[in-house]
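Numbering-wise (the numbering used here), the sequence shown opens with residue 2 and increments by one.
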Amino acid sequence: MESTVTCVLIASAGVLVAALVCLLPGLHIYNVAGIALLVLSTPGGAQSPQSVGYLFLGMTTGYAVLSTLPTVFFSAPDESSVFMLRPAQAYLLRGRGCEAVLLSGLGGLGGIALLALLTPTASFLLPGLRAILQPHLHWILWAIVAYLLLSEWPKGSQRAPVGWRRCWDGWRNLTAGIVTFALSGVMGFILLYRSPVPVTAAHQNLLPAFVGLFAVPAILQNLISRVELPEQHAVASLDVTLDLLAQGTLAGALGGLFAAFFPVVTGGIGGLLAGHATAQRDDRVFLVSQGASKVLYYVGALLLFFVPRLHLTRGGMAWMLSTRWGPVGALGADTLRFYYVAMAAVVASGALSFLLLIPLARLTARLVTVVDYHWISLAAMTVLLVIVVVTTGWGGMLVCAAATGIGLIPILWGARRSNCMGVLLLPLGLSMVGMGSIVAGWLGLT
């Protein structure tokens with residue numbers, strides 16, 4: 002095994018890769034990781050599996066902290082940050098985009114600190130917790146699905162004429178949320194049973210769906226938008242207290258750890274549940290909590306792969322890594338060292354990511370002032386579509402086009418974009434209760 006210093010340096014290189022990825026709105030670190038895995042798997046690019054693991058840790062940590070940049074300045078969220086849009090956009094339209102980015106970054110640092118504090122007990126606590134929850138995963142998942150749909154509240158203006166128009170005014174966004182969830186769920190079944198994506202790209206089977214559901218609709222919204230962004234101001238200090246930071250970090254930790262440990266649930270959904278459970282009202286607390294939730298979701302899920310006696314595979318990065326390497330499951334000196342070095346790499350990567358976040362926030366703020374963000378969005382769209390074609394072929398482009406139509410529904414009708422997570426929640430939820438193959442038969446997929 003490489004020395005601790007070497008592992009930290011490899012993880013730091015992953016942070017630099019993530020920084021480049023985050024400068025292009027809509028591009029996800031999983032897309033780049035899949036391409037990197039293919040390159041590193043060739044004879045000429047062969048690396049030790051451990052090196053790939055620490056590189057992925059750095060890439061994941063860097064992305065979790067730095068991906069706030071495109072979410073705030075370009076409104077291009079991934080599945081874990083869709084709930085940040087409204088508070089972040091409010092800051093952006095007041096010229097305080099840098100402040101929103103740094104508040105989220107502080108939450109990310111708090112999340113990494115909590116992961117470090119949990120390190121000594123993780124190998125003893127988490128295996129037992131998994132054994133307790135395993136028999137109950139099916140009904141917990143369906144409870145989350147029910148809450149996700151039922152908590153979609155009417156956003157009507159209450160000004161429509163009394164009658165069916167007033168009824169439709171109230172039910173419009175509720176219907177859009179349910180339709181989005183159902184259609185994305187059907188797409189999930191198609192990708193699971195009859196995917197148009199070639200078998201050679203099976204490790205990126207969901208790539209075109211997530212690009213279409215989340216990234217492309219947001220970029221299209223930017224392209225047709227006529228909003229003029231005000232000048233963004235660099236900040237020397239943040240209007241936040243230690244109490245608010247602690248409140249936001251703990252709330253984000255609640256949602257992020259739940260999302261990391263529980264299958265299919267993303268950081269955005271975990272953050273929604275935690276935000277409602279802790280009754281968040283302050284935008285500063287919300288941004289901090291979303292930053293913490295995102296870091297704990299992405300980084301915490303990958304760290305579960307390194308925990309001795311657990312070896313739990315959660316999240317796309319862990320699944321890709323599991324094709325190359327898997328730490329020994331038994332508790333011993335070697336597995337503990339792997340885990341502790343992984344945590345050291347995460348702490349170093351988190352610190353480097355935040356140090357990079359400060360100048361990158363100022364650079365991006367200046368960029369959106371000088372360069373028309375329509376051109377930036379067009380460049381991002383081009384790169385995303387090229388990646389989809391190169392990685393998954395024209396079958397992937399077909400999936401991306403269909404997913405884009407579904408992803409536009411919540412934007413056009415005022416529903417939550419998180420309903421697009423039906424692409425994973427519905428097939429897995431039905432499979433957990435033994436109905437997956439039956440529903441697939443009803444859809445003519447088997």
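By construction, the Cβ of each residue, glycine as well, lies at the ideal position given by its N, Cα and C atoms. Source: prediction; values computed, not measured.
Subject >> Beta-carbon proximity check, Y55 vs V342, cutoff 9 Å >> reply: For this step, residue 55 is matched to residue 54 along the sequence shown. For this step, residue 342 is matched to residue 341 along the sequence shown. Against a cut-off of 9 Å, the Cβ pair of V342 and Y55 comes out as a contact.
Original post:
Is W154 helix, strand or coil by DSSP?
Top reply: For this step, residue 154 is matched to residue 153 along the sequence shown. W154: coil per DSSP, three-state reduction.
Original post:
On the three-pair Cβ rule with 8 Å, is the stretch 370-382 touching the stretch 109-119?
Top reply: In short, these stretches do not touch, since the Cβ pair count stays below three.
Original post:
Which one of G178, A362 and T405 has the shortest CA to CA distance from F74?
Top reply: Here residue 74 corresponds to residue number 73 of the sequence shown, with the count starting at 1. Taking only the C-alpha atoms, the option nearest F74 is A362.
Original post:
Smallest Cα separation from L429: which of T5, V187, R173 and V9?
Top reply: Taking the first residue of the sequence shown as 1, we reach residue 429 at position 428. When each option's Cα is compared against that of L429, the closest is V187.
Subject >> Residue nearest to V180 in terms of C-alpha spacing, selected from G437, G442, L409 and A441 >> reply: To locate residue 180, count along the sequence shown from 1; it is residue 179. Closest option to V180, Cα to Cα, is L409.
Subject >> Cβ pair count under 8 Å reaching 3, the stretch 99-111 against the stretch 232-249 >> reply: Yes: at least three Cβ pairs fall under 8 Å.
Subject >> Span of the alpha helix (DSSP H) around V180 >> reply: Along the sequence shown, read from residue 1 onward, the residue named residue 180 stands at position 179. Per DSSP, V180 belongs to the alpha helix (DSSP H) from W165 to Y194.
Subject >> Where M321 sits in the DSSP three-state scheme >> reply: Along the sequence shown, one-based indexing puts residue 321 at 320. Three-state result, M321: helix.
Subject >> F287: first and last residue of the uninterrupted alpha helix (DSSP H) it sits in >> reply: As a first step, residue 287 is located in the sequence shown; it is residue number 286 there, counting from the start. Where F287 is concerned, the enclosing alpha helix (DSSP H) stretches over D284 to L304.
Subject >> R310, DSSP secondary structure in three states >> reply: Within the sequence shown, residue 310 is the residue found at index 309, counting from 1. Three-state DSSP puts R310 in coil, outside helix and strand.
Original post:
Leaving out the 5 sequence neighbours to the left and right, which residues in its chain are closer than 8 Å to T447 when beta-carbon positions are compared?
Top reply: The residue labelled residue 447 in the question sits at position 446 within the sequence shown. Closer than 8 Å at Cβ, skipping near neighbours: Y194, S438 and A441.
Original post:
In chain order, what residues of the same chain lie with their CB nearer than 7 Å to the CB of L25, ignoring the 5 residues before and after it?
Top reply: In the sequence shown, residue 25 corresponds to position 24, counting from 1. Excluding residues within five positions, the ones whose Cβ falls inside 7 Å are A381 and V384.
Original post:
Going by Cα to Cα distance, which pick from L208, A37, L127 and L28 is closest to W395?
Top reply: Within the sequence shown, numbered from 1, the residue matching residue 395 stands at position 394. Ranking the options by Cα distance to W395, first place goes to L208.
Original post:
Can you round the beta-carbon distance between L67 and S354 to whole angstroms, since I take them to be within the 8 Å contact cut?
Top reply: Sequence index remark: in the sequence shown, residue 67 carries index 66 (1-based). Sequence index remark: in the sequence shown, residue 354 carries index 353 (1-based). With a Cβ gap of about 6 Å, L67 and S354 count as contacting.
Original post:
With 16 other CB atoms within 10 Å as the buried threshold, where does G330 fall?
Top reply: Within the sequence shown, numbered from 1, the residue matching residue 330 stands at position 329. Here G330 scores only 47 on pLDDT, less than 50, and its place in the model should not be relied on; the value that follows carries that caveat. Taking a 10 Å sphere around the C-beta of G330, we find fewer than 16 other C-beta atoms and assign the residue as exposed.
Subject >> Cβ pair count under 8 Å reaching 3, the stretch 357-371 against the stretch 164-173 >> reply: Contact between the stretch 357-371 and the stretch 164-173 is absent: fewer than three C-beta pairs spanning the two stretches fall below 8 Å.
Original post:
Within 10 angstroms of its Cβ, does L94 collect 16 or more other Cβ (buried), or is it exposed?
Top reply: Against the sequence shown, residue 94 aligns to sequence position 93. Counting Cβ neighbours within 10 Å, L94 comes out exposed, since fewer than 16 surround it.
Original post:
If we ignore side chains and look at the alpha-carbon of each, how far apart do L138 and L273 end up?
Top reply: As a first step, residue 138 must be located in the sequence shown, where it is residue number 137. As a first step, residue 273 must be located in the sequence shown, where it is residue number 272. Computed Cα separation, rounded: 19 Å.
Original post:
Quick one: any contact between the stretch 249-263 and the stretch 292-306, if contact means 3 or more CB pairs under 8 Å?
Top reply: yes
Original post:
Apart from the five residues just before and just after G98, which ones in its own chain have a Cβ nearer than 7 Å to its Cβ?
Top reply: Here residue 98 is taken as the residue at index 97 of the sequence shown, counted from 1. Excluding sequence neighbours, G98 sits near V73, F74, Y92, Q233 and A366.
Original post:
I407 and L184 look like a contact to me (Cβ under 8 Å); what is the Cβ gap, rounded to whole Å?
Top reply: As a first step, residue 407 is located in the sequence shown; it is residue number 406 there, counting from the start. As a first step, residue 184 is located in the sequence shown; it is residue number 183 there, counting from the start. About 5 Å; that satisfies the 8 Å criterion.
Subject >> Delimiting residues of the alpha helix (DSSP H) encompassing P128 >> reply: As a first step, residue 128 must be located in the sequence shown, where it is residue number 127. Here the alpha helix (DSSP H) through P128 covers G98 to L134.
**OP:** Report, in whole angstroms, the separation of the C-beta atoms of S52 and V308, which I expect to be a contact under 8 Å.
**Re:** The count along the sequence shown starts at 1 and reaches residue 52 at position 51. The count along the sequence shown starts at 1 and reaches residue 308 at position 307. Wrong, their Cβ atoms sit about 20 Å apart, outside the cutoff.
**OP:** Starting from S432, trace the alpha helix (DSSP H) both ways and give me its first and last residue.
**Re:** For the purposes of this step, residue 432 is taken as residue 431 along the sequence shown, with counting starting at 1. Looking at the DSSP string, the run of the alpha helix (DSSP H) that includes S432 is G423 to M433.
Subject >> C-alpha gap between L364 and G435, whole angstroms >> reply: Taking the first residue of the sequence shown as 1, we reach residue 364 at position 363. Taking the first residue of the sequence shown as 1, we reach residue 435 at position 434. The C-alpha of L364 lies about 51 Å from the C-alpha of G435.
**OP:** Would you kindly check if the distance between the Cβ of A177 and the Cβ of W414 is under 9 Å?
**Re:** Residue mapping note: residue 414 aligns to position 413 of the sequence shown, counting from 1. Residue mapping note: residue 177 aligns to position 176 of the sequence shown, counting from 1. Yes, the Cβ-Cβ distance between W414 and A177 is below 9 Å.
Subject >> Extent of the continuous alpha helix (DSSP H) to which M398 belongs >> reply: Taking the sequence shown and counting its residues from 1, the one referred to as residue 398 is at position 397. Counting along the chain, the alpha helix (DSSP H) containing M398 begins and ends at Y374 to W414.
**OP:** Measure from the alpha carbon of S290 to the alpha carbon of each residue in G271, V400 and G189, then state which is nearest.
**Re:** Position 289 of the sequence shown holds residue 290. Per the Cα distances, G271.
Subject >> Three-state secondary structure assigned by DSSP to G35 >> reply: Here residue 35 refers to the residue found at position 34 when the sequence shown is read from its first residue. If DSSP states are grouped into helix, strand and coil, G35 belongs with the helices.
Original post:
Once you ignore the five residues that flank I11 on each side, which residues in its own chain have a CB closer than 8 Å to its CB?
Top reply: Residue mapping note: residue 11 aligns to position 10 of the sequence shown, counting from 1. The answer, listed in chain order, is E3, S52, Y55, L56, G59 and A346.
Original post:
Just curious, the alpha helix (DSSP H) that D240 is in, first and last residue?
Top reply: Here residue 240 is taken as the residue at index 239 of the sequence shown, counted from 1. Unbroken run through D240: none, as it is neither H nor E.
**OP:** For R338, count neighbouring C-beta atoms within 10 Å of its own C-beta (all shown protein chains included) and say buried if the count is 16 or more, exposed if not.
**Re:** The count along the sequence shown starts at 1 and reaches residue 338 at position 337. With fewer than 16 neighbouring CB atoms inside 10 Å of its own CB, R338 falls in the exposed class.
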